[in-house]
Every structure is written in structure tokens, then in C-alpha cells.
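Heads up, the thing below is written out as C-alpha cells.
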Amino acid sequence: QLVESGGGSVQPGGSLRLSCSVSGFIFSNYWMSWVRQAPGKGLECVANIKQDGRETYYVDSVKGRFTISRDNAKSSLYLQMDNLRVDDTAMYYCARISGEYGYYGEYWFHPWGQGTRVTVSS
Amino acid sequence: SSDLTQVPALSVALGQTVRLTCQGDSLRTYYSSWYQQKPGQAPRVVMYGENNRPSGIPDRFSGSSSGNTASLTITGAQAEDEADYYCHSRDTTGDLVLFGGGTRLTVL
Numbered sequence: 088q089l090v091e092s093g094g095g096s097v098q099p100g101g102s103l104r105l106s107c108s109v110s111g112f113i114f115s116n117y118w119m120s121w122v123r124q125a126p127g128k129g130l131e132c133v134a135n136i137k138q139d140g141r142e143t144y145y146v147d148s149v150k151g152r153f154t155i156s157r158d159n160a161k162s163s164l165y166l167q168m169d170n171l172r173v174d175d176t177a178m179y180y181c182a183r184i185s186g187e188y189g190y191y192g193e194y195w196f197h198p199w200g201q202g203t204r205v206t207v208s209s
Numbered sequence: 243s244s245d246l247t248q249v250p251a252l253s254v255a256l257g258q259t260v261r262l263t264c265q266g267d268s269l270r271t272y273y274s275s276w277y278q279q280k281p282g283q284a285p286r287v288v289m290y291g292e293n294n295r296p297s298g299i300p301d302r303f304s305g306s307s308s309g310n311t312a313s314l315t316i317t318g319a320q321a322e323d324e325a326d327y328y329c330h331s332r333d334t335t336g337d338l339v340l341f342g343g344g345t346r347l348t349v350l
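Protein chains in written order, with the working numbering: chain A, 88 to 209; chain B, 243 to 350.
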């Protein structure tokens, strides 16, 4: 089970920190991901993080503004979002990455949390 | 290339077969996965790899791939299959995470 929290409304330029609390599997064994969905739009992978936290991936549009991190002792995933823009408005989902993401093999996102909504507006 | 292309909308009669497609150069090299999303719900994976269904996904869902096209086939579509479907894979470098734009499936 993955449960996101931390979403809300913020003005452009503001910050939010999303959290994802994980249970039901060994968190430290998996790459983890944040995937977002703007209203009425498709899915976009925002950031991924390796099991030990030493390797990360960011979509170009959030590089330098968002930071993904994890605490394996707490089975928790985080997304620090700074300098937020209107186009960051979206539902943000936490998802486990299954398969061989780090080795250019097949991988997929499963399971997913229910999401936390982020609204950036003046 | 960094695009996965899906038809925006499809419809299928109840009980009939429908094939959803996803096109992209990277699909010649990398496997895809498929996600179903119903209104107000989180996505869930329905197919991954060559033709693998997660536990709980009905066997009317099947996957295939040929050249630059990955396909998700629903054989005997049911009303509960009405949803948005997204494909996913890597880009041609293997480094980027890509999702297709999604196909809205209507079951008539």
C-alpha cells in the first residue's frame, strides 16, 4: 500500500513537500517513482530514485526545482518541490518500479498510490 | 526518439475485440507496459513485458509487439473495461521514461 500526503494549494514560486508512506513490501528493495497527471492530461514520470538513494532521474521540466529522496528506515518516499510553477498543477502519484529499471531491462509501475493533488495558482 | 503515439479514442461494442496500439521507435528495442485508468482512480498496470498480466487482470487482456508497435488487445470487451489506457516504455537511448498520450476506450 502506498499513501501520499502533502499536497495542497500554493502560489507560483512556492514550495511543497510530498510524502509517500509505504507498507506491504520491502521498500528498500525497489526503485521508486513520482508520476504526475495534470488535469485532463496524460501521465508524466517526474522523478525516480534507486534503492539506496544514490541514483536519481528527473524529467527535464523539473530539474533543479524538484528533489526526490527516500528514508528506507521509515519506508517513505519524498518529493521536495521548490519554485513551483502553474504548470506543475497536477495529481501526484507515488509508484513502485518493478522489473529491471536500472539495467535497461523491462520495468513497470506497480502498485500506485491514490495520489495527492497539487495546485499552483496566484 | 522520445515519443509514444496512441490513438486518442476508440470504441468497441460490448463483447467484441479491440486492439489498442502504441507506436514509437524505442519499441523496436524496449518492452512496453500498459496502464488502465478509470475516472477518479489511480492508474493500474494491466500488461507488462512481452505479454505478462499482473495478478487480478482478466485473461481477456493480452499484449503483443511487432516492429515499432506495441498492442494491447481486449478480447470480449466488458463494460468495466471502459477507461483511459496509457502505454509506457523507454526512449531510444533507454534513459528517458515515456508515456503515450493515452487512448480513451468507450464500450458501447
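By construction, the Cβ of each residue, glycine as well, lies at the ideal position given by its N, Cα and C atoms.
Because the structure is a prediction, the values reported are computed rather than measured.
Can you give me the Cβ contacts of residue i inside the same chain, cut-off strictly under 6 Å, excluding the 5 residues immediately before and after it?
i              : result
G101 (chain A) : L171
S306 (chain B) : S313
G133 (chain A) : The identity of residue 133 (chain A) in the sequence shown is Val, whereas the question assumes Gly. Hits under 6 Å: W121, R123, V146 and V149.
L164 (chain A) : C107, M119, R157 and C181
Using the Cβ count rule (16 or more neighbours within 10 Å means buried), how would you classify residue i?
i              : result
V205 (chain A) : buried
R183 (chain A) : buried
I316 (chain B) : buried
P99 (chain A)  : exposed
D175 (chain A) : buried
T203 (chain A) : buried
Using 8 Å as the threshold, is the C-beta distance between residue i and residue j below it?
i              : j              : result
T263 (chain B) : S304 (chain B) : no
A325 (chain B) : V260 (chain B) : no
L340 (chain B) : Y327 (chain B) : no
V156 (chain A) : I136 (chain A) : It is worth fixing the name first, because residue 156 (chain A) is Ser in this sequence and not Val. Their beta carbons are under 8 Å apart, which means S156 (chain A) touches I136 (chain A) by this criterion.
Q167 (chain A) : R104 (chain A) : yes
P250 (chain B) : T345 (chain B) : yes
Closest to residue i by C-alpha separation, out of the options, would be which residue?
i              : options                           : result
A321 (chain B) : B:S297, B:K280, B:R295 and B:S275 : B:K280
G291 (chain B) : A:Q124, A:G202, A:P198 and A:E187 : A:E187
V287 (chain B) : A:W195, A:R123 and A:G200         : A:W195
D337 (chain B) : A:M178, A:Y190, A:Y179 and A:T176 : A:Y190
Q283 (chain B) : A:E193, A:G192, A:V207 and A:Y180 : A:Y180
I299 (chain B) : B:G309, B:N310 and B:Q278         : B:Q278
Can you name, in chain order, every residue of its own chain whose Cβ lies under 7 Å from the Cβ of residue i, other than the five neighbours on each side?
i              : result
K161 (chain A) : none
S275 (chain B) : V287, M289, Y290 and H330
Please return the same chain residues whose Cβ sits closer than 8 Å to the Cβ of residue i, not counting the five positions on each side in sequence.
i              : result
H197 (chain A) : A182, R183 and S185
Which one or two residues does DSSP pair with residue i in a beta bridge?
i              : result
T143 (chain A) : A:I136
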